[in-house]
Each structure stands twice: as structure tokens, then as C-alpha cells.
Amino acid sequence: MSYKKRFDGRKLTETRPMIAKIGVVKNAVGSAMFQIGKTRAIAAVYGPRELHPKHLQNPSSGRLRCHYNMMAFSGSGDRVRPGPSRRSKEISYVTEQALSPVLDLSSFPKTVVDVYIELVQTDAGTRCAGICAASMALADAGIRMKDLVTAISVGLVAGTAVVDLDYDEEAHEEGAVDIPVAMTPRDGQITLLQLDGDISKEDFAKALKLAKDACAEIYEVQKQALKEKYTEDKK
Amino acid sequence: MIQRKYIESLAKAGLRADGRAFDEYRKPISVEYGVSAKSAEGSARIKIGDTEVIAGVKMELGKPYPDKPDQGSIMVNVELLPMASPRFESGPPSIDAIELARVVDRAIRESGSINFKKLCIEPGEQCWTVIIDIYPINADGNLFDACSLAALAAVKDAKMPKLNGDVVDYKNKTDEGLPLEKEALECTVYKVGGQLLVDPTVDEELAATARLTVGVTDTNHICAMQKGGFETLTEEEVLKIVDMAIEKTTELRKELKNGKPYKI
Chain A
1 MSYKKRFDGR
11 KLTETRPMIA
21 KIGVVKNAVG
31 SAMFQIGKTR
41 AIAAVYGPRE
51 LHPKHLQNPS
61 SGRLRCHYNM
71 MAFSGSGDRV
81 RPGPSRRSKE
91 ISYVTEQALS
101 PVLDLSSFPK
111 TVVDVYIELV
121 QTDAGTRCAG
131 ICAASMALAD
141 AGIRMKDLVT
151 AISVGLVAGT
161 AVVDLDYDEE
171 AHEEGAVDIP
181 VAMTPRDGQI
191 TLLQLDGDIS
201 KEDFAKALKL
211 AKDACAEIYE
221 VQKQALKEKY
231 TEDKK
Chain B
1001 MIQRKYIESL
1011 AKAGLRADGR
1021 AFDEYRKPIS
1031 VEYGVSAKSA
1041 EGSARIKIGD
1051 TEVIAGVKME
1061 LGKPYPDKPD
1071 QGSIMVNVEL
1081 LPMASPRFES
1091 GPPSIDAIEL
1101 ARVVDRAIRE
1111 SGSINFKKLC
1121 IEPGEQCWTV
1131 IIDIYPINAD
1141 GNLFDACSLA
1151 ALAAVKDAKM
1161 PKLNGDVVDY
1171 KNKTDEGLPL
1181 EKEALECTVY
1191 KVGGQLLVDP
1201 TVDEELAATA
1211 RLTVGVTDTN
1221 HICAMQKGGF
1231 ETLTEEEVLK
1241 IVDMAIEKTT
1251 ELRKELKNGK
1261 PYKI
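One line per chain: the protein sequences are A and B, in this order.
Read in this note's numbering, the first sequence has 118 at position 118, and its numbers run on one by one without any break.
One rule links them: number in this note's numbering = place in the second sequence (from 1) + 1000.
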């Protein structure tokens, strides 16, 4: 437990400052921006629209398709080569699974809802920021949902449990455990769970609890952004 | 088709669908620097009406080209993200994206804006490559000018990263900007219903029969051109377009000067 004071001075259970905004891409049906610390994701939703190729169509429901992408200059070192990588494909896939449980696309058979997630600037926690932005964008698009999805990365830095690791913490020389978690904030169901590192059962349980508390905070930020947009529109 | 005829007939009557003059850009035009300040060496977000473009600069170490052993180089890449328009699809770069990137590249490269010799670290061995990645976020017409403006803004914003021997320390930027000696910007003029107009909307682009992009330096020299479209332009039209481009890039330059740090 050598890591007591965080590099950026946050409390162990404190997330970085968050900013959420709805309606950032005018052409899209729904869109949102979510920033946590210096990690900033934009999500845009198109659809429901006809799904091509046709063999992917589901005659009884619409499909969700997510596309996670880091802009070439958004990495923390060298330029990221544009186009899908193995990493971005996996993140796209788990993002679909993280969001699907709250969606009801049964009214739109044979269609697809495309969610495009772009990272403009990154400082770790990008898939979680992407999921937060995407769930707000889906809500903005008016897709039927039973809840939003909130996501945060928790873990251990040099043996200490912390919330919302930044890049410097992930790269701590004494090692870090990174656990991205997504959940439906109202009933606490887990929709995404990944883990990199070495952690005891007890520490894991503790980290998961921290994630739940952080998700409650994120949920408020998301709801506030949605309310702002729609009370603004009413005026 | 109906829309196209409508736009054409309006143009013939001297009008535009949104009420602008033929030589008038949409407003507001905004330039914000440092949209990816944490990650990129230089970055900017620009908006022209509802068209929004983000550009970022990364500096990479490389080997000079054998035919220019004492020079660094640049690379410009445009991704037409499906996020930006329902008409864009994922996949390898479309011909539109390739043309866009090459035309933006041309103005910066051929104007001699960047002193490539100053980007050489060791002749024949090591040099800097300036990589400009451009992403339209919302495509609502006139991507040529928007991408050119975003690219120049990002280059102006860029600071050289620190170099420790052969390793780039991307976390620590120096105070030194890129060796930028001229500032090249592009203005594209479209021919719609026989009239010449700037800053088209998507509908106007679809109704256009020809276009000409003109790159202009800050001393009002021409540094790049690209004609597009399947119909012709007369000599008089080309000369008129050059005059329009010089006048309009002068206006765009003011927006670059009035640029502010990025705010969410």
C-alpha cells in the first residue's frame, strides 16, 4: 500500500471532473459528448435504418452496431494508425454488449442503429467514456431504453484501490490493475466487466463497490445534461 | 433531382436557398485551438456554419526520403467519419477523402509553408514528419475550405515535442513552434446554374457542375489548384475565381487570428 497520495491529488474514491453535453453532431439523430479528466469521447447515433448486408438482418428486432475509434492524434505517444485495429474492434464489440441490455429495438425489425464513438483526446478510461457518451446519444436519439448505462474504470495502483485511473496511474512502476465496469445505474446490473492485472478476491469486491458509487455520480451528470438539452428545447 | 433543379433555378435568378450572397460564407466561422491539447502536438476545431472539423498534428521521427536527404516531410490524412454524415460509410478511404487530403496537402506543401530543411535532424538519417489528421465531425458542405482552415490552425497551434536522443518525449512539448514561413489557405468556388459561389451547402455541392479550389498564401500568391466536377470553366471564370479566392482567404485569415483556446 505504497500509493497513498494520488499523482493528481484526488481522493482515492474521487473521479476526475466530468462534463457531459447533448447534441454535439447536428447531422446525427442523437449525439453526446462525455469528458472525464482529459479523456473526451463524442458519440453519434444514426438509425434505426435498413441494415446491409441483408443476411445480418434480424426479422424480429433491430440490431445495435457500435464503432469505437481513436483519432490518429489522440494517443498518449506515437500517432495511432487510422482504421480499425484488433483493440478497437474488441472495444466496439464489448460496447455493443454493454449497451444492448437497456435497449428495446423490437419495434424496428431488420434495421440497425449505428453508434459511432470517437476519442478526440485520451488519458485512459476511453471505453468507459465512450459508453457514457453513447448511452446519452441513444437517449437523445429517442430510442426506447429502460435505463442509461454508466461506466467507470476502477482498480489498484501499487496495491491501493482507486477510482478512475488516469494514464500515469495505469503506468505506475509498481503495477496497476485496471477494471472497466459498466452498469445500469438504477438496478446496478453489470453490463461490461474487464480486468487487467493481478488482484485478490477481497480487493476485487472492494473495487466493484467503488465502481458502483462512482456510477451513481456519473448517472447524475448524464441526467443533468439530458435535462438541460430538453428544457432548453422547450423554451 | 428536384432539389438540384430548385437550387439551379434559384442561382440563375441570383439567389441562394439560405439567402446568402454568392460570395458570402456562412456565419459564424469559428477557430478554436487545442481541442486535443493533451494528446496532439497541435490541434484545432473549426466551424463554418454547421460544418465542423477537427484537425490534429503529430510529429514523428523518420528517415528522410533518399531524394531529399536534408528535409523532413508532411503527410495529410482526412477521414470521412460516418459520424459526420449519413452519406459517409465506414471502410477504406473513399476517393472523396483521398482527393480532399491531397488537395489540403498540396497547398501546405507546395507553398513552401513549412521549412522542411529545419525539420531535418541528421541528413540522410533522421528527420521529423509532420502528420496532419483531419476529421469532419459534422459535414454540412464545403469540406475543402473547412479542412484547409482546420489543418492550418492545427499547424499554427503545434509545438515541437522534446527529443531525448533517438526517443521522442511526447509528454513534454518545447516552446518551439513548427518552422512555418507562410500560411496557405484554400478557397473553393463552385459553379451552380452558371453562377460562381463560395461556401456551398451540401445541396449546392450536389447541384454544382464544376468547382475550383485555389490555395492562397498570406502574400496573396497562388500555391495550389484543383478543378473538380464533370463540366467546364471558362478562362474568365477561372480568373474571377482566383480573385474571389484571394478576397475570401483574406477574410478566413482574420478568423484564424481571432481564434480562441478550445472550450467545451
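Backbone N, C-alpha and C define an ideal beta-carbon position, used for all residues, glycine too.
Given residue i as reference, the closest of the options once Cα atoms are compared
| i | options | result |
| --- | --- | --- |
| residue 1012 of chain B | B:1197, B:1229, B:1146 | B:1197 |
| residue 1051 of chain B | B:1095, B:1097, B:1135 | B:1135 |
| residue 176 of chain A | A:159, A:126, A:88, A:190 | A:159 |
| residue 31 of chain A | A:21, A:37, A:144 | A:21 |
| residue 1184 of chain B | B:1106, B:1048, B:1034 | B:1106 |
| residue 14 of chain A | A:201, A:153, A:94 | A:153 |
| residue 1182 of chain B | B:1108, B:1017, B:1165 | B:1108 |
| residue 107 of chain A | A:6, A:227, A:47 | A:47 |
| residue 1053 of chain B | B:1202, B:1030, B:1019 | B:1030 |
| residue 1261 of chain B | B:1015, B:1019, B:1042 | B:1042 |
| residue 145 of chain A | A:127, A:103, A:170 | A:103 |
| residue 1259 of chain B | B:1005, B:1046, B:1036 | B:1046 |
| residue 27 of chain A | B:1084, B:1245, B:1014 | B:1084 |
Beta-bridge pairing of residue i - partner residues as DSSP gives them
| i | result |
| --- | --- |
| residue 34 of chain A | A:20, A:41 |
| residue 1256 of chain B | According to DSSP, residue 1256 of chain B bridges with nothing at all. |
| residue 189 of chain A | A:184 |
| residue 1210 of chain B | B:1191 |
| residue 150 of chain A | A:183 |
| residue 61 of chain A | A:58 |
| residue 1043 of chain B | B:1056 |
| residue 68 of chain A | A:117 |
| residue 176 of chain A | A:157 |
| residue 136 of chain A | Note: residue 136 of chain A sits in no beta bridge, so no partner. |
| residue 1131 of chain B | B:1058, B:1075 |
| residue 1226 of chain B | B:1213 |
| residue 1126 of chain B | B:1122 |
| residue 163 of chain A | A:154 |
| residue 145 of chain A | A:103 |
| residue 1029 of chain B | B:1048 |
Distance between beta carbons of residue j and residue i, contact taken as under 8 Å
| i | j | result |
| --- | --- | --- |
| residue 1210 of chain B | residue 1229 of chain B | 4 Å |
| residue 1161 of chain B | residue 1169 of chain B | 6 Å |
| residue 151 of chain A | residue 192 of chain A | 6 Å |
| residue 68 of chain A | residue 92 of chain A | 4 Å |
| residue 1139 of chain B | residue 1044 of chain B | About 17 Å; that fails the 8 Å criterion. |
| residue 44 of chain A | residue 25 of chain A | 4 Å |
| residue 1073 of chain B | residue 1116 of chain B | 7 Å |
Continuous alpha helix (DSSP H) stretch holding residue i: start and end
| i | result |
| --- | --- |
| residue 1081 of chain B | Taken as a continuous stretch (DSSP letters only), residue 1081 of chain B belongs to no alpha helix (DSSP H), as it is neither H nor E. |
| residue 1007 of chain B | 1002 to 1012 |
| residue 168 of chain A | 167 to 170 |
| residue 92 of chain A | 86 to 99 |
| residue 1157 of chain B | 1143 to 1157 |
| residue 1095 of chain B | 1095 to 1110 |
N- and C-terminal bounds of the beta strand (DSSP E) containing residue i
| i | result |
| --- | --- |
| residue 3 of chain A | Taken as a continuous stretch (DSSP letters only), residue 3 of chain A belongs to no beta strand (DSSP E), as it is neither H nor E. |
| residue 1173 of chain B | 1167 to 1177 |
Three or more C-beta pairs closer than 8 Å, one from the region 1059 to 1077 of chain B and one from the region 1215 to 1227 of chain B: is that the case here?
The region 1059 to 1077 of chain B makes no contact with the region 1215 to 1227 of chain B, as fewer than three CB pairs between them are under 8 Å.
Tell me whether the region 112 to 122 of chain A and the region 71 to 90 of chain A touch, counting them as touching only if at least three CB pairs, one residue from each stretch, are closer than 8 Å.
Yes, the region 112 to 122 of chain A is in contact with the region 71 to 90 of chain A.
Touch check for the region 210 to 228 of chain A and the region 173 to 190 of chain A: three-plus C-beta pairs under 8 Å?
Yes, the region 210 to 228 of chain A is in contact with the region 173 to 190 of chain A.
Near-chain E residues of the region 116 to 137 of chain A (beta-carbon distance less than 8 Å), N- to C-terminal order:
In the structure shown, chain E cannot be found, because the protein chains are A and B.
Three-pair Cβ contact test at 8 Å for the region 153 to 168 of chain A versus the region 7 to 24 of chain A:
Here the region 153 to 168 of chain A lies against the region 7 to 24 of chain A, with 3 or more beta-carbon pairs under 8 Å apart.
Under 8 Å, with one C-beta from each stretch per pair, do the region 124 to 144 of chain A and the region 78 to 86 of chain A reach the 3-pair mark?
A contact is defined here as three or more CB-CB pairs under 8 Å, and the region 124 to 144 of chain A fails this definition with respect to the region 78 to 86 of chain A.
Should the region 1096 to 1111 of chain B be regarded as contacting the region 1066 to 1080 of chain B, the criterion being three or more beta carbon pairs within less than 8 Å?
Yes, they touch.
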